[in-house]
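To convert, note that position 147 of the sequence shown is 147 in the UniProt record's numbering; the numbers rise steadily by one, no gaps.
Structure first, commentary second.
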Amino acid sequence: MISRSFAPSSANMSAVFRSAPKGRKISIHAFEIANTIVKGSNLIKYLSKQRIRHLKEGVLRSEGVCRLISEDYSQLSILIEDDIREDLRRFLIEVARFGDLCEDRQWHNLSRYFCRGDSPLPSNNSSEEAPPSMHYLIRLAQHTRVLHEEMLALDRLEHPYYAAAIPVRKQIDAIKNQRGAVKVLKNKSLWSKSMDDIVEKLVEIVDFMHLQIKEAFLKSHANAEQSSGELHIAINLTKTLGATGLALHYAHVILQLKALALASPAVPQNAREALYQALPPGIKAALRTQLRIPDKDQTMSQAGVRAEMNRVLRWLVPAAESTRRYHVNGVFGEWEMKGIEGIDVDEANWLEQESRISVSFMLAHADAKVSKVETLYYADKERTEGYIIGLVLALHRLVSPAED
């Protein structure tokens with residue numbers, strides 16, 4: 001008979017987490033650390049030369065960014081660097097927390113190094129490639145992901161077993177096999193690794209990130225005003241849509257306008273009413289004023305009005321879509337512990353199956369990462385409202401003749 005006390009139930013998992021000893025095997029911390037590893041890998045990918053070049057040469061010079069935020073390239077570059085450093089700061093907080101769980105005291109209070117850009121490791125001037133430990137950690141994170149799924153599967157098997165008065169042999173065999181699979185995965189994942197060893201590798205990655213950021217933005221800010229290491233942003237961020245909490249709402253309004261523009265002039269009354277109700281009070285008031293003023297462009301043909309509307313939507317819609325993606329994915333979409341289909345964790349088949357767990361599957365959020373500069377977050381509120389008002393008035397011109 002299988003011992004019913006062998007596997008911890010979900011009810012006492014939090015107690016296990018709190019009592020995990022410092023400096024020993026990672027154990028239940030494995031899932032948290034796996035999340036941190038994937039976020040770190042995503043950040044490294046975001047710092048790639050190709051991505052930074054795209055931001056500098058494409059995004060910062062795009063019409064939408066120049067019209068909504070600023071035409072000052074150096075200021076825009078500072079915004080991007082500041083966002084990246086904020087992502088890095090969040091990553092450092094997690095690494096420092098794991099460092100405090102280590103047995104070796106050199107990993108304690110890592111924040112004292114991180115806050116001044118220092119490191120407890122020997123200096124390494126190479127910044128061309130990510131440390132080899134990154135790939136090693138990603139593989140461990142992959143195994144940890146599968147371990148999580150198999151532990152959940154084991155829990156599902158054990159619930160009816162514990163509830164049964166007399167468990168059947170089939171249940172017992174299934175649980176034995178599942179426990180064997182979990183044991184194999186614990187040995188292959190972060191679960192069985194030393195906290196000290198993993199934290200050391202995470203610190204190597206932190207050092208690499210600092211070098212990458214310095215290399216990517218040093219030239220851009222050579223002439224930018226700096227004080228005490230802090231970047232000075234001349235843009236008034238208090239007047240942006242992000243500061244006022246309106247970025248996502250305005251993105252939805254813009255996307256509604258796009259849909260109605262495509263449907264015009266046959267726009268249903270309920271769709272127009274929905275758009276009007278979505279408009280903020282300030283824009284509604286401005287529209288009422290504008291509609292009372294004689295239309296200076298009444299001689300413009302419908303084709304001309306539509307062309308002007310499309311010209312604005314061409315660069316405004318991408319910013320709205322990026323805003324929506326940013327809010328869906330978060331800063332760096334964390335690894336959600338969802339299953340990997342078709343992976344057989346039986347020891348005999350593991351080596352054959354292992355190659356099917358793709359790194360790209362784990363890092364899917366990296367490609368979806370959106371910089372806040374690409375969104376409406378830093379967009380000037382007054383400018384954005386002006387463009388929205390213009391689009392609503394243009395839509396009114398397209399729809400009104402159809403009603404006459």
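Backbone N, C-alpha and C define an ideal beta-carbon position, used for all residues, glycine too.
- Under a 10 Å Cβ-count criterion, Gly99 is classified as buried, with 16 or more other Cβ atoms of the shown protein chains found around its own Cβ.
- The stretch 138-172 contains no complete alpha helix (DSSP H) run of 4 or more residues.
- Inter-residue distance for Arg383 and Asp207 is about 40 Å (C-alpha atoms, whole angstroms).
- Lys45: member of the alpha helix (DSSP H) spanning Ala30 to Tyr46, first to last residue.
- Within the stretch 228-304, the runs of alpha helix (DSSP H) that reach at least 4 residues and sit entirely inside it are, in chain order, 247-263, 269-278 and 281-292.
- For Cys115, no alpha helix (DSSP H) run applies, since DSSP gives it neither H nor E.
- DSSP places Ser74 within a helical segment (H, G or I) once states are collapsed to three.
- Shown here for Leu260: same chain residues with a beta carbon closer than 8 Å to its own, the five before and five after excluded, namely Val267, Ala271, Arg272, Leu275 and Leu395 in chain order.
- The beta carbons of Ile52 and Ser371 sit no closer together than 8 Å.
- Distance between Ile213 and Glu150, taken at the CA atoms: about 38 Å.
- The Cβ atoms of Ile198 and Ile26 lie closer than 8 Å to each other.
- When secondary structure is reduced to three states using DSSP, Asp100 falls in the coil class, being assigned neither helix nor strand.
- Residue state for Lys369 is assigned as coil, using DSSP reduced to three classes.
- By the Cβ neighbour-count rule, Ile78 is buried, with 16 or more other Cβ atoms within 10 Å of its own.
- One alpha carbon belongs to Glu374, the other to Leu246, and they sit about 15 Å apart.
- Contact annotation: Ile175 and Glu158 have beta-carbon atoms nearer than 8 Å.
- In the three-state reduction of the DSSP assignment, Ser189 falls in the coil class, being assigned neither a helical nor a strand state.
- Cβ contact annotation for Leu76 (same chain, cutoff 8 Å, sequence separation greater than five): Leu60, Val65, Ile69, Ser70 and Val373, in chain order.
- By the neighbour-count criterion, in which 16 or more other beta carbons inside 10 Å mark a residue as buried, Cys115 falls on the exposed side.
- Bridge partners of Asp83 according to DSSP: none are assigned.
- Per the coordinates, the alpha-carbon of Glu103 lies some 41 Å from the alpha-carbon of Arg325.
- Pairwise C-beta distances place the stretch 23-43 out of contact with the stretch 281-288, as fewer than three of them are shorter than 8 Å.
- Counting along the chain, the unbroken alpha helix (DSSP H) around His210 starts and ends at Met195 to Phe217.
- Residue Tyr250 holds the alpha-carbon nearest to the alpha-carbon of Ala278 among Tyr46, Arg288 and Tyr250.
- Asn42 counts as buried, since at least 16 other C-beta atoms from the protein chains shown sit within 10 angstroms of its C-beta.
- According to DSSP, Lys25 shares a beta bridge with Ser194.
- With respect to the C-alpha of Val95, the residue from Val38, Arg156, Gly304 and Ala307 having the closest C-alpha is Val38.
- Membership of Gln106 in any alpha helix (DSSP H) is not indicated, and neither H nor E is assigned to it by DSSP.
- Under a 10 Å Cβ-count criterion, Ser322 is classified as buried, with 16 or more other Cβ atoms of the shown protein chains found around its own Cβ.
- Contact annotation, Val312 with Tyr378: C-beta distance approximately 19 Å; criterion of less than 8 Å not satisfied.
- Ranked by Cα distance from Ser133, the first of Arg67, Asn310, Ile44 and Thr289 is Ile44.
- An exposed status is given to Leu152, since fewer than 16 other beta-carbon atoms sit within 10 Å of its beta-carbon.
- In this structure, Ala303 is the residue among Ala303, Thr240, Trp191 and Asp380 with its C-alpha nearest to the C-alpha of Arg397.
- The residue from Ile33, Thr238, Gln269 and Tyr46 with its alpha-carbon nearest to that of Ala130 is Tyr46.
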